[in-house]
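Below is one structure, written out as structure tokens, with a few remarks after it.
Protein chains: 2
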Amino acid sequence: MSQFLQALPQQVTVFEVGPRDGLQNEAALIPSTAKIAFVNELADAGLKWIEATSFVHPKAVPQLADAGDVMAGIDRRPGVRYPVLVPNERGMERALETGVDAVCVFTAASEEFSQANVRATIDETFERFAPVVALAHAHDIWVRGYVSMAFHCPYEGRIAPEKAVEVSARLLDLGVNEVAISDTVGLATPLDMDAVLALAADQLPVEKLALHLHDTFDLALPNVMLGLEAGITVFDGAAGGLGGCPFAPGAPGNLATEKLVRLLDGLGIETGIDGDKVAAAAERIRAAMQ
Amino acid sequence: MSQFLQALPQQVTVFEVGPRDGLQNEAALIPSTAKIAFVNELADAGLKWIEATSFVHPKAVPQLADAGDVMAGIDRRPGVRYPVLVPNERGMERALETGVDAVCVFTAASEEFSQANVRATIDETFERFAPVVALAHAHDIWVRGYVSMAFHCPYEGRIAPEKAVEVSARLLDLGVNEVAISDTVGLATPLDMDAVLALAADQLPVEKLALHLHDTFDLALPNVMLGLEAGITVFDGAAGGLGGCPFAPGAPGNLATEKLVRLLDGLGIETGIDGDKVAAAAERIRAAMQ
Numbered sequence: 001m002s003q004f005l006q007a008l009p010q011q012v013t014v015f016e017v018g019p020r021d022g023l024q025n026e027a028a029l030i031p032s033t034a035k036i037a038f039v040n041e042l043a044d045a046g047l048k049w050i051e052a053t054s055f056v057h058p059k060a061v062p063q064l065a066d067a068g069d070v071m072a073g074i075d076r077r078p079g080v081r082y083p084v085l086v087p088n089e090r091g092m093e094r095a096l097e098t099g100v101d102a103v104c105v106f107t108a109a110s111e112e113f114s115q116a117n118v119r120a121t122i123d124e125t126f127e128r129f130a131p132v133v134a135l136a137h138a139h140d141i142w143v144r145g146y147v148s149m150a151f152h153c154p155y156e157g158r159i160a161p162e163k164a165v166e167v168s169a170r171l172l173d174l175g176v177n178e179v180a181i182s183d184t185v186g187l188a189t190p191l192d193m194d195a196v197l198a199l200a201a202d203q204l205p206v207e208k209l210a211l212h213l214h215d216t217f218d219l220a221l222p223n224v225m226l227g228l229e230a231g232i233t234v235f236d237g238a239a240g241g242l243g244g245c246p247f248a249p250g251a252p253g254n255l256a257t258e259k260l261v262r263l264l265d266g267l268g269i270e271t272g273i274d275g276d277k278v279a280a281a282a283e284r285i286r287a288a289m290q
Numbered sequence: 291m292s293q294f295l296q297a298l299p300q301q302v303t304v305f306e307v308g309p310r311d312g313l314q315n316e317a318a319l320i321p322s323t324a325k326i327a328f329v330n331e332l333a334d335a336g337l338k339w340i341e342a343t344s345f346v347h348p349k350a351v352p353q354l355a356d357a358g359d360v361m362a363g364i365d366r367r368p369g370v371r372y373p374v375l376v377p378n379e380r381g382m383e384r385a386l387e388t389g390v391d392a393v394c395v396f397t398a399a400s401e402e403f404s405q406a407n408v409r410a411t412i413d414e415t416f417e418r419f420a421p422v423v424a425l426a427h428a429h430d431i432w433v434r435g436y437v438s439m440a441f442h443c444p445y446e447g448r449i450a451p452e453k454a455v456e457v458s459a460r461l462l463d464l465g466v467n468e469v470a471i472s473d474t475v476g477l478a479t480p481l482d483m484d485a486v487l488a489l490a491a492d493q494l495p496v497e498k499l500a501l502h503l504h505d506t507f508d509l510a511l512p513n514v515m516l517g518l519e520a521g522i523t524v525f526d527g528a529a530g531g532l533g534g535c536p537f538a539p540g541a542p543g544n545l546a547t548e549k550l551v552r553l554l555d556g557l558g559i560e561t562g563i564d565g566d567k568v569a570a571a572a573e574r575i576r577a578a579m580q
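Protein chains in written order, with our numbering: chain A, 1 to 290; chain B, 291 to 580.
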């Protein structure tokens, strides 16, 4: 048997980001009821981690301005976690009102992207979410930190692996439970992936790392394979590959959850997820966008 | 660095099957001049092995009835080989008239598929192409043998790895230079791939093996990675993923050459191929199908 296959984990966690990362850039306004049904159908499909919405300012992401309604409307299944994105203390207060049990904060490994995306330096993003993490700890809430543009950036080009690992370490020092190292634009090659993973293996606890991959150039699955080899057991997916550019229908955005599940199934790794049901849920939410 | 990456070959050969496997099922009749330009553009893109056409009976594959014209029309670049598919002695005689320097014969690991596809048992396919291989040897012509449905078959279901390896061994015994183990329907999972590769490593010379993969369920690249790990250095691709079902535009058929090249580039493996030029050539031949 292949050396690679022999070293694989038996189980992997798929972290679904479709309802948040998948929908946030959609131009068509989607009814809250459709979003609620989407989240519930993803739980039906066997997903145990579903990033349900975002408490960023409604003006920044109008599509997710109904975050409170969505959180109030979804079923809270036993054994399923529904993390939400939270940008700052104000967002955290709104999220707390809905009884969240997991939150996600975000920063980047690229200064220029951080400033373009949230008009804040990387240092300033830490200042913004330090109180979020403190509140989370006070309420016994699980926290994930995203490191966007951990490999390449549209502004800065290739990101030094040292920078990606440094920002990840800083998040862990702050007390987040998990860091999602993110190839936000899908430009990471397997060699880029390896450079970050090799450094991460030296300096970070691999059991606290997740990979968030986009599939722009079809290299997400090969990169998942390198992640698995490096001992990572949490991978993000968005049902139907939602999150592509709204002006290029069918263009790959996030790694599609059902595609990720097909790979993991094909490697003999348990996920507990029915990929066909995930794909069907994505088709229904797409229909609700018309 | 990843154990997987450390064991990779420095160079890989990409065997282009677009002009033959990619076009043979296209309903729209494509002018010979467009096919000739396609082959020449693929050579411009750096491909060194281009399966240019097929000398099957014109009634069986009307699309490639102009095989003689195509072979007469293409440039024969130094260092580039232009293998053609040949089903039997009569086809070989036609091919020889055009001055071919490489031919491909085909059989299957599935009895039912063989009978449905060419109305012959596997044994009978060997009887048909034994004289082809003899003629090839007499003319110092390189020979590849395809083993279709080496993993799964639409009729028989999963194929025993022993059967795929047995048919491959039989081709090598007959004196073919290379065996292309083929996932003709794109149903092979990485575990299926591993089962065949592990047995092949025991019983066959890996340097004479190629993998011919379809990308129906997005697992072609993961399977290429397992092939690389097993020591295989020849992989097939079809420019633009040509060869999908003609009634499902955009449905994946053959593994797209440019996608394969992106993976190999991303792994730091030399191919000498410009994937963008391959994709552009595919776009032009697609336009000629309208």
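Where a beta carbon is used, it is the ideal one built from N, C-alpha and C, also for glycine.
Unbroken alpha helix (DSSP H) run spanning residue i, endpoints
i: residue 313 (chain B); result: It is not in any alpha helix (DSSP H) - residue 313 (chain B) carries neither H nor E in the DSSP assignment.
i: residue 102 (chain A); result: Unbroken run through residue 102 (chain A) is the beta strand (DSSP E), 102 to 108; no alpha helix (DSSP H).
i: residue 114 (chain A); result: 111 to 118
i: residue 126 (chain A); result: 122 to 138
i: residue 306 (chain B); result: Element bounds for residue 306 (chain B): not the alpha helix (DSSP H) but the beta strand (DSSP E), 303 to 306.
i: residue 40 (chain A); result: 32 to 44
i: residue 6 (chain A); result: 3 to 6
i: residue 281 (chain A); result: 275 to 287
i: residue 96 (chain A); result: 89 to 97
Beta-carbon contacts of residue i that lie in its chain and below 6 Å, excluding the five residues immediately before and after
i: residue 165 (chain A); result: 199, 200, 203
i: residue 171 (chain A); result: 145, 179
i: residue 482 (chain B); result: 441
i: residue 503 (chain B); result: 473, 510, 513, 545
i: residue 365 (chain B); result: 330
i: residue 421 (chain B); result: 379
Span of the beta strand (DSSP E), counted from its first residue to its last, around residue i
i: residue 81 (chain A); result: Run containing residue 81 (chain A): none; DSSP gives neither H nor E here.
i: residue 145 (chain A); result: 142 to 148
Contact under 8 Å by Cβ, residue i with residue j
i: residue 177 (chain A); j: residue 143 (chain A); result: yes
i: residue 339 (chain B); j: residue 371 (chain B); result: yes
i: residue 499 (chain B); j: residue 471 (chain B); result: yes
i: residue 520 (chain B); j: residue 487 (chain B); result: yes
i: residue 261 (chain A); j: residue 232 (chain A); result: no
i: residue 84 (chain A); j: residue 53 (chain A); result: yes
i: residue 336 (chain B); j: residue 562 (chain B); result: yes
i: residue 185 (chain A); j: residue 216 (chain A); result: yes
i: residue 91 (chain A); j: residue 242 (chain A); result: no
i: residue 572 (chain B); j: residue 529 (chain B); result: yes
i: residue 133 (chain A); j: residue 174 (chain A); result: yes
i: residue 161 (chain A); j: residue 190 (chain A); result: no
i: residue 32 (chain A); j: residue 99 (chain A); result: no
i: residue 227 (chain A); j: residue 257 (chain A); result: no
i: residue 515 (chain B); j: residue 194 (chain A); result: no
i: residue 410 (chain B); j: residue 445 (chain B); result: no
i: residue 51 (chain A); j: residue 93 (chain A); result: no
i: residue 296 (chain B); j: residue 3 (chain A); result: no
Same chain, Cβ closer than 7 Å to residue i, neighbours up to 5 away in sequence not counted
i: residue 129 (chain A); result: 88, 105
i: residue 536 (chain B); result: Only weak support is given to the placement of residue 536 (chain B): the predicted model assigns it a pLDDT of 47, under 50, and the question is left unresolved by the model.
i: residue 385 (chain B); result: 345, 374, 376, 393
i: residue 295 (chain A); result: Chain A is shown only over 1 to 290; residue 295 (chain A) falls outside these bounds and no answer can be derived.
i: residue 289 (chain A); result: 26, 28, 30
i: residue 429 (chain B); result: 386
i: residue 369 (chain B); result: 338
i: residue 576 (chain B); result: 530
i: residue 19 (chain A); result: 35, 38, 39, 50, 51, 52, 53
Own chain, CB closer than 8 Å to residue i, minus 5 neighbours either side, in chain order
i: residue 574 (chain B); result: 324, 327, 328, 331
Pair every Cβ in the region 62 to 69 of chain A with every Cβ in the region 105 to 115 of chain A, then say whether three or more of these pairs are closer than 8 Å. no
Touch check for the region 143 to 154 of chain A and the region 94 to 104 of chain A: three-plus C-beta pairs under 8 Å? yes
Alpha helix (DSSP H) runs contained entirely in the region 461 to 549 of chain B, provided each spans 4 or more residues: 480 to 493, 510 to 519
If we count Cβ pairs, one from each stretch, closer than 8 Å, do we get three or more for the region 270 to 281 of chain A versus the region 297 to 306 of chain B? no
Complete runs of the alpha helix (DSSP H) confined to the region 339 to 368 of chain B [at least 4 residues]: 357 to 363
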